[in-house]
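First up is the structure itself, then whatever we jot down about it.
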Amino acid sequence: MIVPANPGAGYRAMKAEIDAAVARTLESGWYILGQEVKAFEAEFAAWLGAGKTVGCGNGTDAIVLALRGLGIGRGCSVATASHTAVATVAAVEMVGATPVLIDIDSDHFTMDPADLAATLADPPAGLPPIAAVLPVHLYGQAADLDAIGAICRTNGLVLIEDCAQAHGATWLGQKVGTFGDAATFSFYPTKNLGALGDGGAVVLPNDEVAGRVAALRQYGWRTHYISDDIGINSRLDELQAAILRVKLAHLDTANARRRAIAAIYDEALRHTSIRPPARRPNAGHVFHLYVVRVPNRDAVQAKLRAAGIGSGVHYPQPVHVQPAYRNRVALGAAACRATEAAASEVLSLPLYPELSDDEVAQVAAELKRL
Ligand SMILES: *Cc1c(COP(=O)(O)O)cnc(C)c1O
């Protein structure tokens, strides 16, 4: 069976290097916030080309820390997406802020700037003012940062990029994560840059905010045992940082391999009525996921499964229809209609860098028969 994602294959491909990094860390005797985290933070910032990186426990906490660091909490609404990992919306509520869910552009699956503008012009009644915008660079492709950035500047809104699926994605040649007031990353094992456990990071252009976020991740300490602020505990641990340093060195190659596989799938789909994923002209896609729209999704999944090919659905239900959020969370002007239409049709094909040429050919041959 060809699985949709395979973090074990990622480990095996770099086993000698990762095992050495793990052994070095275990021998060091220092397991929390030491040299490995410090080195990873510096290397990740250098790779991004801008900002300070603060490692933390996971991608959800990264959003929490970014919001807290920028003063977004109770009394603020945050415009974000419903077509995303639930973590994006959960993090907004974790800081006491109110999410307002903006619709997506149906071709690219990211925040529709027109709906953002319409919602700001006529916000849902009874909510705190919208103070921040949290677009998601979904599936490995940047949201429309020109339009969203312009709206944020005009309205004096904080911009936080959720880059959990977009390590290395670009907008006008510049890496995402370097455009907003903060950016957040997840290193969940299946992400483009994945740890072998949990991990996350906040990227901040402003040193003062970066200092605040670094304190917030560990009880609000700036010096040991003294809390200047009410913090949380969300630290990136030394073992994961050491593993991430190995994987970061291979990330550009891994993203190039993802793009090459995507091009082969694109070509195979030309023989079918299914459209390949649409690329934004200004965006460099890194194919965290290769997502197509198929109206008869169950039948297509069953056909692929019968041929030994697994697939996934990201995500089967928009956040606003899930039990925890239904009839409770506010929607923007477009009432997330494009989001609801996408959720019933999206299908993620197998895509990870360690897929062999034979496996890719096998998937492509099967796609041609759809
Ligand atoms: C994975 C993901 C997150 C959350 O990351 P965790 O490390 O699982 O907490 C947030 N946003 C998006 C878009 C994600 O894909």
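Residue numbers 8 to 377, in our numbering, belong to the letters of the sequence shown in order.
The C-beta atom is built at its ideal place from N, Cα and C for all residues, glycine as well.
The model shown is predicted, which means the values in this text are computed figures rather than measured ones.
I'd like to know whether the C-beta atoms of residue i and residue j end up nearer to each other than 8 Å.
{"i": "alanine 208", "j": "glutamate 43", "result": "no"}
{"i": "valine 96", "j": "isoleucine 137", "result": "no"}
{"i": "threonine 197", "j": "proline 14", "result": "yes"}
{"i": "valine 61", "j": "arginine 224", "result": "yes"}
{"i": "leucine 123", "j": "valine 140", "result": "yes"}
{"i": "glycine 163", "j": "phenylalanine 186", "result": "no"}
{"i": "glycine 66", "j": "alanine 171", "result": "yes"}
{"i": "arginine 242", "j": "isoleucine 39", "result": "yes"}
{"i": "alanine 176", "j": "glycine 147", "result": "yes"}
{"i": "alanine 314", "j": "glutamate 373", "result": "yes"}
{"i": "glutamate 341", "j": "aspartate 119", "result": "Rather than glutamate, the amino acid found at residue 341 in this sequence is alanine. A contact, by the Cβ cut-off of 8 Å."}
{"i": "threonine 117", "j": "valine 143", "result": "yes"}
{"i": "isoleucine 111", "j": "isoleucine 316", "result": "no"}
{"i": "isoleucine 109", "j": "valine 253", "result": "no"}
{"i": "proline 360", "j": "arginine 265", "result": "yes"}
{"i": "proline 11", "j": "serine 318", "result": "yes"}
{"i": "valine 29", "j": "leucine 258", "result": "no"}
{"i": "arginine 286", "j": "histidine 292", "result": "yes"}
{"i": "threonine 126", "j": "alanine 154", "result": "no"}
Output the distance between the C-alpha atoms of residue i and residue j, rounded to the nearest integer angstrom.
{"i": "glutamate 50", "j": "phenylalanine 192", "result": "14 Å"}
{"i": "threonine 346", "j": "asparagine 240", "result": "34 Å"}
{"i": "glycine 82", "j": "arginine 75", "result": "13 Å"}
{"i": "leucine 296", "j": "isoleucine 233", "result": "43 Å"}
{"i": "valine 210", "j": "leucine 152", "result": "17 Å"}
{"i": "glutamine 329", "j": "alanine 337", "result": "13 Å"}
{"i": "isoleucine 5", "j": "valine 370", "result": "Nothing about residue 5 can be read from this structure; the chain reaches only from 8 to 377."}
{"i": "alanine 20", "j": "glutamate 34", "result": "23 Å"}
{"i": "arginine 161", "j": "valine 320", "result": "Strictly speaking, residue 161 in this sequence is threonine, with arginine absent from that position. Roughly 36 Å between the two C-alpha positions."}
{"i": "isoleucine 158", "j": "glutamine 308", "result": "39 Å"}
{"i": "valine 298", "j": "leucine 354", "result": "5 Å"}
{"i": "leucine 72", "j": "glycine 238", "result": "9 Å"}
{"i": "glycine 5", "j": "alanine 150", "result": "The first residue shown for the chain is 8 and the last is 377, placing residue 5 beyond what the model contains."}
{"i": "alanine 88", "j": "glycine 36", "result": "42 Å"}
{"i": "tyrosine 322", "j": "threonine 91", "result": "7 Å"}
{"i": "tyrosine 332", "j": "valine 326", "result": "7 Å"}
{"i": "threonine 32", "j": "alanine 270", "result": "39 Å"}
{"i": "threonine 230", "j": "alanine 94", "result": "30 Å"}
{"i": "tryptophan 228", "j": "methionine 101", "result": "20 Å"}
Which residues share a DSSP beta bridge with residue i?
{"i": "cysteine 63", "result": "Gly207"}
{"i": "arginine 300", "result": "Val353"}
{"i": "tryptophan 228", "result": "Ser234"}
{"i": "aspartate 244", "result": "Ile39"}
{"i": "threonine 87", "result": "Leu108"}
{"i": "alanine 139", "result": "Val85, Val165"}
{"i": "methionine 118", "result": "Ile111"}
I need the DSSP call for residue i, collapsed to helix, strand or coil.
{"i": "valine 183", "result": "coil"}
{"i": "methionine 8", "result": "coil"}
{"i": "proline 106", "result": "strand"}
{"i": "tryptophan 178", "result": "strand"}
{"i": "leucine 127", "result": "helix"}
{"i": "arginine 387", "result": "An answer regarding residue 387 cannot be provided, because it is not within the stretch 8 to 377 covered by the chain."}
{"i": "threonine 379", "result": "Residue 379 lies beyond the stretch modelled for the chain, which goes from 8 to 377, so this question has no answer here."}
{"i": "aspartate 169", "result": "strand"}
{"i": "valine 336", "result": "coil"}
{"i": "valine 320", "result": "coil"}
{"i": "valine 293", "result": "coil"}
{"i": "methionine 21", "result": "coil"}
{"i": "histidine 327", "result": "helix"}
{"i": "glycine 218", "result": "helix"}
{"i": "tyrosine 272", "result": "helix"}
{"i": "alanine 53", "result": "helix"}
Let me make sure I understand the geometry here. Which of the options has the alpha-carbon closest to that of residue i?
{"i": "histidine 115", "options": "Asn334, Pro284, Lys375", "result": "Pro284"}
{"i": "serine 113", "options": "Gly80, Asn303, Leu358, Cys343", "result": "Cys343"}
{"i": "alanine 132", "options": "Ala139, Ala261, Ser84", "result": "Ser84"}
{"i": "asparagine 262", "options": "Phe294, Trp178, Thr279, Val320", "result": "Phe294"}
{"i": "proline 212", "options": "Leu203, Ala270, Ala189, Arg224", "result": "Ala189"}
{"i": "arginine 376", "options": "Leu72, Thr32, Ala275", "result": "Ala275"}
{"i": "alanine 350", "options": "Gly339, Gln324, Leu362", "result": "Gln324"}
{"i": "histidine 174", "options": "Arg229, Glu245, Ala256", "result": "Ala256"}
{"i": "glycine 64", "options": "Asp273, Ala104, Ala221, Arg335", "result": "Ala221"}
{"i": "alanine 217", "options": "Ile9, Glu48, Ile25", "result": "Glu48"}
{"i": "leucine 251", "options": "Asn289, Phe194, Pro302, His231", "result": "Phe194"}
{"i": "proline 288", "options": "Trp178, Thr230, Val93, Ala69", "result": "Trp178"}
{"i": "aspartate 214", "options": "Ala52, Asp244, Gly103, Ala23", "result": "Ala52"}
{"i": "glycine 56", "options": "Ala368, Val183, Arg300", "result": "Val183"}
{"i": "arginine 335", "options": "Leu134, Leu77, Thr126, Ala28", "result": "Leu134"}
{"i": "alanine 69", "options": "Leu145, Gly206, Gln181", "result": "Gly206"}
{"i": "serine 280", "options": "Asp169, Val301, His292", "result": "Val301"}
Cβ-heavy atom distance between residue i and ligand 2 below 7 Å?
{"i": "asparagine 65", "result": "This structure lacks ligand 2; its bound ligands are ligand 1."}
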